[in-house]
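For the protein sequence lines, the chains are H and P, in the order given. Take the first sequence: its position 228, counted from the start at 1, is 228 in my numbering, and no numbers get skipped. Position in the second sequence (first residue = 1) + 257 = my numbering. Single-structure report; data block below.
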Amino acid sequence: MTQKATESLVVDNLNVSIEGQPILKNINVFFPVNKITCIVGPSGCGKSTLLRCLNRLTENIDGFTIKGSVLIDGQDIVTADDEHLIELRRHVGLVPQRPCPLPMSIYDNVAYGCRIHGMHTRKHEMDETVERYLTEVGLWDEVKDRLRRPATRLSIGQQQRLCLARSLAVEPDFILADEATSALDPISSKTIEELFVRLKEKYTIIMVTHTLPQALRIADYAVFLYLGEIVEEGDASQVFRSPKNELTKRYLSGLFS
Amino acid sequence: MTHIRIRQIEEKVMRGVMLVATLIVLGAVISILGTILIRGCKALSWDMVSKFPGKEWNTAPDGGFLNAILGSLYVVIPAAVIGACISIPVVFYITMYKRRRTGVSYIIRLAFDVLYGIPPIVYGAFAFLVMVGVGMRASVLGGIMVTVLLIVPMMIRSGDEIAKTVPDEMVDAVYSLGATKWETVWVVLKHILPGMLTAFLLAVGRAIGDAAAVMFTAGFSDQPAHSLSDPTATLPLAVFNWIIMPDPFPGRAYAAALVLTILVLTLSIASRVITRRITRLNK
Numbered sequence: 001m002t003q004k005a006t007e008s009l010v011v012d013n014l015n016v017s018i019e020g021q022p023i024l025k026n027i028n029v030f031f032p033v034n035k036i037t038c039i040v041g042p043s044g045c046g047k048s049t050l051l052r053c054l055n056r057l058t059e060n061i062d063g064f065t066i067k068g069s070v071l072i073d074g075q076d077i078v079t080a081d082d083e084h085l086i087e088l089r090r091h092v093g094l095v096p097q098r099p100c101p102l103p104m105s106i107y108d109n110v111a112y113g114c115r116i117h118g119m120h121t122r123k124h125e126m127d128e129t130v131e132r133y134l135t136e137v138g139l140w141d142e143v144k145d146r147l148r149r150p151a152t153r154l155s156i157g158q159q160q161r162l163c164l165a166r167s168l169a170v171e172p173d174f175i176l177a178d179e180a181t182s183a184l185d186p187i188s189s190k191t192i193e194e195l196f197v198r199l200k201e202k203y204t205i206i207m208v209t210h211t212l213p214q215a216l217r218i219a220d221y222a223v224f225l226y227l228g229e230i231v232e233e234g235d236a237s238q239v240f241r242s243p244k245n246e247l248t249k250r251y252l253s254g255l256f257s
Numbered sequence: 258m259t260h261i262r263i264r265q266i267e268e269k270v271m272r273g274v275m276l277v278a279t280l281i282v283l284g285a286v287i288s289i290l291g292t293i294l295i296r297g298c299k300a301l302s303w304d305m306v307s308k309f310p311g312k313e314w315n316t317a318p319d320g321g322f323l324n325a326i327l328g329s330l331y332v333v334i335p336a337a338v339i340g341a342c343i344s345i346p347v348v349f350y351i352t353m354y355k356r357r358r359t360g361v362s363y364i365i366r367l368a369f370d371v372l373y374g375i376p377p378i379v380y381g382a383f384a385f386l387v388m389v390g391v392g393m394r395a396s397v398l399g400g401i402m403v404t405v406l407l408i409v410p411m412m413i414r415s416g417d418e419i420a421k422t423v424p425d426e427m428v429d430a431v432y433s434l435g436a437t438k439w440e441t442v443w444v445v446l447k448h449i450l451p452g453m454l455t456a457f458l459l460a461v462g463r464a465i466g467d468a469a470a471v472m473f474t475a476g477f478s479d480q481p482a483h484s485l486s487d488p489t490a491t492l493p494l495a496v497f498n499w500i501i502m503p504d505p506f507p508g509r510a511y512a513a514a515l516v517l518t519i520l521v522l523t524l525s526i527a528s529r530v531i532t533r534r535i536t537r538l539n540k
């Protein structure tokens, strides 16, 4: 088991194309540790593709080609063989756009990742792990009496927190969130946002968001993508409040989306 | 006529067309089941389903067609097990390892589409040629072989369709936890199990009722099969043979058809019940 640490995540000269169409061009970014980085930009600018490249969830995309590197604590996930890929992915948790509980119980959803990695093999250890991460996402009190019930019976907001607990249970260093609140009601969205703000003490969080007010509320660092290129990046307060680039200014003022 | 009136008429006409089409299908089902039920019940007796053909079977009510019932089961049960063992890994291979629409996955899918479209009689003729080639005679084993050929494309095709319903988010979620493709297969299996089970039972249901495939390969015999190399009667072939023969055979054909229908209906209902139960547990 690796020690929980603040590892670095660096994208170096990343170029991606799908069926010959360039999607990401010369992306270079260093995601600051223990901060929330928001990737913003208009629809189709490559935000989600960039996020998926960070844990190489790109293999099922037809006609996908990738060049450059994504270094997780110095190890390149782009060229990693299957064995290393599995280990590297464990360091990068994912909270999907739509909550997607696995077809098993609430308990097993959290325990699944630990089981496949051979973590917490004793029952009482696993019980403690499940309780710890369900507590961390604020779900324990709501589900402690129905841990063996199917996870799909939870509300959408609860399912999303369960997905987060599932990702945290394998002790990642990074959390990727792909518009993680877009399918949720305002109250559940607020809960998730508050969770991210709390979790950044332990994890480096990278989220794609389409909602500018959300990025304004929680981002420490911002990356503005336009047509597959990074137009501007920097401290969120600087990018959002006094952008240097004309395109960023126009995007933030709502001239295009 | 106002535009709204035209739209109302259009609505009524289309609803009428749908209703008529539904009634035609329902009418066909009711008349088929009704004929089998009425004629079958008239001829069916306990002896027919519990005894083998007696010495006077060809001229008088002596014995039953237990040999054909058992023959169908001898052929279909092993074929279903072998078919499932072949089809399920293929479904997972094209779903998990060939998920991208590459040339290979296209060719694999096209091949199974072609196999699915081949009429059972052609499978029967092919299997017969192979059997002649290796010096094998019509037997239970021949019947099993051809029934496997029938079941496999049906299961793969429906399995592939069911596997396409697995949300990408679920596969991504499992991968992102650091699972291998093989570990991901198990999670996907839990998701598609009810559908796969339905596909399996429906494929078995179709295979058990097919006469053309077993005509050349399983043969026909009034004696029960004692080994894999013995020829055996099967229910669909019994119906096919007896319906054109003089009395008392047509009555027996309807009785055999009734038994066959009950078997297929039982499989259909079982698949629905099991599917509903597993779905309820999963969701």
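Glycine included, each C-beta is placed from N, C-alpha and C at the ideal position.
message: Please list, in chain order, the chain P residues whose beta carbon lies closer than 7 angstroms to that of Val170(H).
response: Looking up residue 170(H) in the first sequence gives position 170. What Val170(H) touches in chain P: Leu434, Gly435.
Ala151(H) vs Leu168(H) beta-carbon contact at 8 angstroms: Counted from its first residue, the first sequence places residue 151(H) at position 151. Counted from its first residue, the first sequence places residue 168(H) at position 168. Cβ distance not < 8 angstroms, so Ala151(H) and Leu168(H) don't count as in contact.
query: Is the CB of Arg148(H) under 8 angstroms away from at least one CB in chain P?
result: Start at 1 with the first residue of the first sequence, and residue 148(H) comes out as number 148. Not closer than 8 angstroms to any Cβ of chain P, the Cβ of Arg148(H) fails to qualify, so no.
message: Quick check on the burial criterion: 16 or more other C-beta atoms within 10 angstroms. Buried or exposed for Val277(P)?
response: Position 20 of the second sequence, counted from the first residue, corresponds to residue 277(P). The residue is exposed, with fewer than 16 neighbouring Cβ atoms inside 10 Å.
message: On the DSSP bridge list, what partners appear for Val306(P)?
response: Here residue 306(P) refers to the residue found at position 49 when the second sequence is read from its first residue. Bridge partners of Val306(P): none, in fact.
- request: Answer yes or no: the CB of Arg166(H) versus the heavy atoms of the ligand SAM, is any distance below 7 angstroms?
  value: Of the ligands one can find in the structure shown there are none, so the ligand SAM has no counterpart to examine.
query: Should Pro451(P) be flagged as near chain H, meaning a C-beta pair shorter than 8 angstroms?
result: What you label residue 451(P) is simply residue 194 of the second sequence in a count that begins at 1. Not an interface residue.
message: Looking at chain P, is there any beta carbon in it that lies within less than 8 angstroms of the beta carbon of Glu87(H)?
response: Translated into positions along the first sequence, residue 87(H) becomes position 87. It does; some Cβ of chain P falls within 8 angstroms.
field: Interface flag, Ala98(H) vs chain P, CB-CB below 8 angstroms
entry: Stepping through the first sequence from its first residue, residue 98(H) is reached at position 98. A small correction: the amino acid at residue 98(H) is Arg; Ala does not occupy that position in the sequence shown. Answer yes: the Cβ-Cβ gap between Arg98(H) and chain P drops below 8 angstroms somewhere.
- request: Report all residues from its chain with a CB closer than 7 angstroms to the CB of Leu372(P); omit the five preceding and five following residues, and keep chain order.
  value: As a first step, residue 372(P) is located in the second sequence; it is residue number 115 there, counting from the start. The answer, listed in chain order, is Pro410.
message: What ranges does the alpha helix (DSSP H) occupy inside the segment 165 to 208 of chain H, keeping only unbroken runs of at least 4 residues that lie completely in it?
response: As far as the segment 165 to 208 of chain H is concerned, its whole alpha helix (DSSP H) runs of at least 4 residues are 186 to 199.
- prompt: Within 8 angstroms (strictly less), CB to CB, does Asp425(P) reach chain H?
  reply: For this step, residue 425(P) is matched to residue 168 along the second sequence. Yes, Asp425(P) counts as interfacial toward chain H.
- request: Can you grab the Cα-Cα spacing for the pair Leu283(P) / Ile465(P), in whole Å?
  value: By one-based count along the second sequence, residue 283(P) stands at place 26. By one-based count along the second sequence, residue 465(P) stands at place 208. Approximately 23 angstroms between the Cα atoms of the pair.
message: Any contact between the segment 123 to 132 of chain H and the segment 449 to 460 of chain P? By contact I mean 3 or more CB pairs, one from each, below 8 angstroms.
response: no
message: Just to make sure I have the definition right: I need the residues of chain H whose C-beta is within less than 7 angstroms of the C-beta of Glu440(P). Which are they?
response: Counting from 1 along the second sequence, the entry for residue 440(P) is found at position 183. Near Glu440(P) (Cβ distances below 7 angstroms), the residues of chain H are Ile116.
- prompt: Within the 8 angstroms Cβ cut-off, does Tyr309(H) reach chain P?
  reply: Given that chain H is displayed from residue 1 to residue 257, the structure contains no residue 309(H) and the question cannot be resolved.
- request: Below 8 angstroms CB to CB, which residues in the same chain sit around Pro22(H) once its five sequence neighbours on both sides are set aside?
  value: One-based indexing of the first sequence puts residue 22(H) at position 22. Around Pro22(H): Asn15, Val16, Gly228.
query: If we count the other Cβ atoms within 10 Å of its Cβ and call it buried at 16 or more, is Ile526(P) buried or exposed?
result: Sequence index remark: in the second sequence, residue 526(P) carries index 269 (1-based). Ile526(P) should be labelled exposed.
query: Any C-beta of chain P sitting closer than 8 angstroms to the C-beta of Leu102(H)?
result: Sequence index remark: in the first sequence, residue 102(H) carries index 102 (1-based). Leu102(H) counts as touching chain P.
field: Between the CA atoms of Val405(P) and Glu193(H) - distance to the nearest angstrom
entry: For the purposes of this step, residue 193(H) is taken as the residue at position 193 of the first sequence. For the purposes of this step, residue 405(P) is taken as the residue at position 148 of the second sequence. Answer to the nearest angstrom: the Cα atoms are 55 angstroms apart.
message: Among Pro493(P), Met388(P), Met412(P), Trp303(P), whose alpha-carbon lies nearest the alpha-carbon of Val521(P)?
response: Here residue 521(P) refers to the residue found at position 264 when the second sequence is read from its first residue. Checking every option, the nearest Cα to that of Val521(P) belongs to Pro493(P).
- prompt: Nearest chain P C-beta to Ala5(H) closer than 8 angstroms, yes or no?
  reply: Taking the first residue of the first sequence as 1, we reach residue 5(H) at position 5. Caution applies to Ala5(H), whose pLDDT of 44 falls short of 50 and renders its modelled position unreliable; the value that the coordinates give is listed next. Answer no: the Cβ-Cβ gap between Ala5(H) and chain P never drops below 8 angstroms.
message: Let me make sure I understand the geometry here. Which of Gly320(P), Arg366(P), Ile339(P) has the alpha-carbon closest to that of Tyr350(P)?
response: Mapped onto the second sequence, residue 350(P) falls at position 93. For the residues Gly320(P), Arg366(P), Ile339(P), the minimum Cα distance to Tyr350(P) belongs to Arg366(P).
message: Measuring alpha carbon to alpha carbon, tell me which residue in Met427(P), Phe457(P), Gly328(P) is nearest Trp443(P).
response: Along the second sequence, one-based indexing puts residue 443(P) at 186. Of the candidates Met427(P), Phe457(P), Gly328(P), the one whose C-alpha sits nearest the C-alpha of Trp443(P) is Met427(P).
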